[in-house]
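Report on the following structure.
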Amino acid sequence: MTNVTILIPTRTRTDYVLRTEPMKRVAVMMETVRALLGGPYENLLTTFPRDIERIVTFAVQVPIIKQRALTVSSVTKFLCAIRGNQNSSVETTDRSLNGLLYVGSPCPIIFINESLPLHLQTYIMAHELGHLLADVFLIQQLWLASLPEREDVIRKYFCWHKIDKDPWLELRAFLKGLPPRPRTILGRDNSLVPETLEREVLADLFAREIMAPWRKVEALYRTTSKRAFSESVRASFYLPLRVAANYYDDLDMSLSHKPDLFDRLHLKLSQ
1064 MTNVTILIPT RTRTDYVLRT EPMKRVAVMM ETVRALLGGP YENLLTTFPR
1114 DIERIVTFAV QVPIIKQRAL TVSSVTKFLC AIRGNQNSSV ETTDRSLNGL
1164 LYVGSPCPII FINESLPLHL QTYIMAHELG HLLADVFLIQ QLWLASLPER
1214 EDVIRKYFCW HKIDKDPWLE LRAFLKGLPP RPRTILGRDN SLVPETLERE
1264 VLADLFAREI MAPWRKVEAL YRTTSKRAFS ESVRASFYLP LRVAANYYDD
1314 LDMSLSHKPD LFDRLHLKLS Q
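Every position in the sequence shown, counted from 1, becomes a number in the working numbering once 1063 is added.
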């Protein structure tokens, strides 16, 4: 009888993690950033710590406004000034902010609290870039791909000016199963509904990946303690210490060997 060799593809635990649904979405967002940068700006993704501010301004061409005392009130006053109006009914309750992605007229803007340490500003920029990609840019691309004959209208529609409401366009998008156009926002409510929490988690995962990619820090995790890992990641990638410590815990939970169904099947087939 002829011997038959069964080839079993090798899969690592890192492969499992990076193929989870949230990480697959993060991978799409990262590929989008790479495609948008292209050409002379590709080097922004090859050097660390990454210059997130330049990535935002060159990739998605969104302005970043820094204010030393960032509040809902200061953002509202700034938006009123650039729009040329004195009154705003967007939000009345004032509060301090670390960062904010504003979606609306005249264009999306990322606001950052300039009084924060640089590494915290960088992380918040990356987090808001995650929101911009997932909640605005990629949704716009879906609309453009599904309704190419309305490209001009869609581009204006996602700039939140000239066209305030287009029920016919929204109906066609709904019939095609497209996600709705994001509503104009100035701030996020303190109470998190499940959908909001999911978006926040995705933005955090993206911020972590764009600043300190999983495959780059995995080797460091395998050779250092949690404290050393956190301090090294903060120094090399500007990731905040708390985020770096949580990153170590995620790596530990995902990569520490715990036999699962795949492991057991692989063992039996190998014997």
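All residues carry an ideal CB built from backbone N, CA and C; glycine is no exception.
Short of 8 Å from the beta carbon of residue 1181, and not among the five residues preceding or following it, lie these beta carbons of its own chain, in chain order: 1301. With respect to the 7 Å criterion, residue 1298 and residue 1190 are not classified as neighbours on the basis of their beta carbons. If you look at residue 1129, you'll find it in the beta strand (DSSP E) that goes 1127–1130. CA-CA distance, residue 1234 to residue 1210, rounds to 12 Å. Under the criterion of beta carbons closer than 8 Å, residue 1245 and residue 1202 qualify as touching, at roughly 7 Å. Boundaries of the alpha helix (DSSP H) around residue 1311: 1304–1318.
The C-beta distance from residue 1129 to residue 1177 rounds to 4 Å, short enough to fall under 8 Å. The Cβ atoms of residue 1162 and residue 1266 do not sit closer than 7 Å to each other. The stretch 1108–1128 and the stretch 1081–1100 touch, with three or more beta-carbon pairs separated by less than 8 Å.
Between the alpha carbons of residue 1086 and residue 1310 lies a distance of about 14 Å. With contacts defined by Cβ atoms closer than 7 Å, residue 1167 and residue 1247 form a contacting pair. In this structure, residue 1173 keeps its C-beta atom at 7 Å or more from the C-beta atom of residue 1145. In the DSSP assignment, residue 1174 falls within the unbroken beta strand (DSSP E) covering 1172–1176.
Secondary structure of residue 1238 (DSSP, three-state): helix. Around residue 1158, the same chain offers 1134 and 1135 as residues with beta carbons nearer than 7 Å, after the five sequence neighbours per side are excluded. If you ignore the 5 residues before and after residue 1306, its C-beta comes within less than 7 Å of the C-beta of 1186 and 1271, all in its own chain and listed in chain order. Taking C-beta separations shorter than 7 Å and ignoring five residues to either side along the sequence, the partners of residue 1119 in its chain run 1125, 1127, 1173, 1188 and 1192, following chain order.
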